[in-house]
Amino acid sequence: MRNPFYYGNEVSGDDFCDREQELHELTGDVRSGLNVLLYAPRRIGKTSLLRKLQRELVQSDEYVAVFFDFFSVSSVDEFIQGYFNAVAKSFDTVPERVMSLLKSVLKVRPNIQVTVGQSGELMYGMSFSRKERTASLEDVLNLPHVFAQAKKRRVVVIFDEFQEIEQFDLEKKFRSIVQTHGRDVCYLFSGSKKSILQRMFHDSSRAFYRSVKHLRIGEIPLDQWTGFIQAKFARTGKEIAPDLIHRAFTITRGFPYYMQQLMFEAWDRTDAQVDESIIEDAVRLMCEREYDLYSLVWSDLTPNQKKTLKYIVRSDGRNLYANDQLGETGLTASTLKSTLDGLMKKDVCERTDDQYLLVDPLMRHWVERYMA
Ligand SMILES: Nc1ncnc2c1ncn2[C@@H]1O[C@H](COP(=O)(O)OP(=O)(O)OP(=O)(O)O)[C@@H](O)[C@H]1O
Ligand SMILES: [Mg+2]
């Protein structure tokens with residue numbers, strides 16, 4: 000029987016749990032024409048959420064929704080091509096109509112081709128000379144707006160892994176063009192490197208300073224997981240008690256990727272009913288599997304950062320300055336402060352109102368197991 004849980008790339012349909020509130024809020028923002036920066040750690044479900052939003056917007060027929068992932072872009076030319084393809088594809092499913100539309104709205108008339116990709120999908124490309132690069136970039140960036148105006152449609156552009164733009168010296172150009180699009184085109188920027196995004200959007204010398212609404216998406220709450228997980232076990236003739244889902248939730252903090260991975264492993268080890276040892280075995284295995292990844296993060300830390308991370312794990316990240324244990328670490332309050340800042344800059348730690356947390360919830364268990 001096929002395992003009903005899945006972890007890896009984006010999920011949809013039956014594999015997608017909750018996010019009702021986030022979808023509701025984002026849809027409202029899009030309606031109001033707000034630009035939004037959505038940030039969250041790796042593997043929390045940004046892409047899945049944004050793809051779902053894109054599908055819902057397109058289905059409602061009110062919007063044209065473009066989705067572009069910055070992750071694999073390695074040059075400005077590649078961005079121009081990739082973005083052009085993403086925008087063109089979103090206009091219409093009939094290539095002839097897309098081509099005639101593009102030809103009617105593009106200022107510089109580049110050579111436009113449509114080809115069929117390896118998996119049978121249509122790919123739109125444009126060729127331009129080096130001299131035409133800047134003009135082509137501007138044209139492509141303006142394409143959603145030109146389309147919105149020509150067709151009296153509203154356009155939503157979703158940029159996934161937007162922090163990657165930092166490498167290409169595109170920020171100023173990007174911002175200066177995007178800000179002329181007003182409410183006709185709504186932009187959603189998403190990314191996982193909080194420290195880079197904060198610099199981009201909070202630093203007054205940067206192009207995107209104060210230009211967007213900020214939305215942090217978090218873990219999925221326990222009550223949503225409980226229904227989702229129990230239904231999957233029940234459908235496959237197995238069972239899991241709510242207190243074990245609660246246990247899994249405490250370990251993963253409800254972090255989607257790890258919640259799915261833990262349930263995948265638990266389901267796999269269960270004939271009829273999950274028990275506590277199955278959950279503990281699964282967590283051990285997950286920590287082992289991530290050993291290399293976490294070791295890499297660990298080896299990049301300074302000795303004080305390593306000490307502080309252990310201290311956070313030991314004290315549950317609470318009352319770090321007041322805690323009796325601070326003395327044992329050998330750190331002074333001011334060293335602790337600068338070390339915590341350093342850990343946050345590296346996106347290893349984050350801070351809530353009253354607690355310091357490891358951004359990656361499983362890493363806490365890895366530190367406990369291997370580094371304590
Ligand atoms: N709404 C959800 N319901 C259930 N599982 C989810 C959900 N969102 C994410 N996941 C789990 O997390 C995994 C990663 O999801 P996704 O690729 O959307 O995250 P991401 O934040 O875009 O990750 P990355 O930072 O690697 O790009 C999925 O394979 C799935 O196991
Ligand atoms: Mg993603």
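In numbering that gives the first Met the number 0, the protein residues as written are 0 to 371.
Note that beta-carbon positions come from the ideal geometry of N, C-alpha and C, so glycine has one too.
Fair warning: this is a prediction, and the values are worked out from it, not measured in the lab.
Secondary structure note for I157: its beta strand (DSSP E) is the uninterrupted segment R153 to D159. Look at which beta carbons fall closer than 7 Å to any heavy atom of ligand 2; those residues are E9, K45, T46, D159 and E160. The beta strand (DSSP E) runs lying completely inside the stretch 100 to 179 and spanning 3 residues or more are 110 to 115, 121 to 126 and 153 to 159, given in chain order. Annotated three-state conformation of K212 is strand, per DSSP. Beta-bridge analysis with DSSP links Y355 to R350. In the pairwise beta carbon analysis, the stretch 318 to 337 is classified as not touching the stretch 287 to 294: fewer than three pairs are separated by under 8 Å. Taking the Cβ of Q259 as the reference point, at least one heavy atom of ligand 1 falls within a distance shorter than 6 Å.
Going by DSSP, S189 is part of the beta strand (DSSP E) stretching over V184 to G190. K212 and A39 have their C-alpha atoms some 14 Å from each other. Beta-carbon to beta-carbon, K237 and Q272 are separated by about 7 Å, close enough to satisfy the 8 Å threshold. Beta-bridge analysis with DSSP links Y38 to G190 and R215. Residue state for Y62 is assigned as strand, using DSSP reduced to three classes.
An exposed status is given to F70, since fewer than 16 other beta-carbon atoms sit within 10 Å of its beta-carbon. Rounded to the nearest angstrom, the Cβ distance from N2 to W266 is 6 Å, consistent with a contact under 8 Å. For secondary structure counted as the alpha helix (DSSP H) over 4 or more consecutive residues, the stretch 211 to 281 holds these complete runs in sequence order: 221 to 234, 241 to 251 and 255 to 267. Look at F200 here: in three-state DSSP terms it is helix. Secondary structure note for E19: its alpha helix (DSSP H) is the uninterrupted segment E19 to S31.
Classified as buried, Q162 has 16 or more neighbouring CB atoms from the shown chains inside 10 Å of its CB.
For the pair of segments examined, the stretch 268 to 285 was found not to touch the stretch 349 to 358: the number of CB pairs separated by less than 8 Å stays below three. For S71, the shortest separation between its Cβ and any heavy atom of ligand 1 does not lie below 6 Å. Straight through space, the alpha carbons of L56 and T225 are spaced by roughly 28 Å. Under the 10 Å beta carbon count, G190 is surrounded by 16 or more other beta carbons and is classified as buried. Counting only residues of its own chain and dropping the five nearest sequence neighbours on each side, K45 has a CB closer than 6 Å to the CB of A39 and S189. Going by beta carbons, C185 and G32 fall inside the 7 Å limit.
Measuring C-alpha to C-alpha distances from F158 to each of R313, F78, S135 and M98 identifies F78 as the nearest. Residue pairing for F67: DSSP places it in a beta bridge opposite F158. In this structure, ligand 1 has a non-hydrogen atom nearer than 6 Å to the beta-carbon of G7.
The stretch 138 to 145 and the stretch 169 to 182 touch, with no fewer than 3 CB-CB distances between them shorter than 8 Å.
Under the DSSP assignment, N84 falls in the alpha helix (DSSP H) whose first and last residues are V75 to F90. The Cβ atoms of A134 and V104 lie no closer than 7 Å to each other. Under the three-state reduction of DSSP output, N322 falls in the coil class, being neither helix nor strand. Less than 7 Å separates the beta-carbon of A64 from that of Q53. Judged by pairs of C-beta atoms under 8 Å, the stretch 120 to 128 touches the stretch 84 to 95, as three or more such pairs exist. Each of R41, L261 and V156 was checked against the Cα of I250, and the nearest Cα belongs to L261.
Looking at R41, Q112, H180 and R215, the one whose alpha-carbon comes closest to that of L22 is R215.
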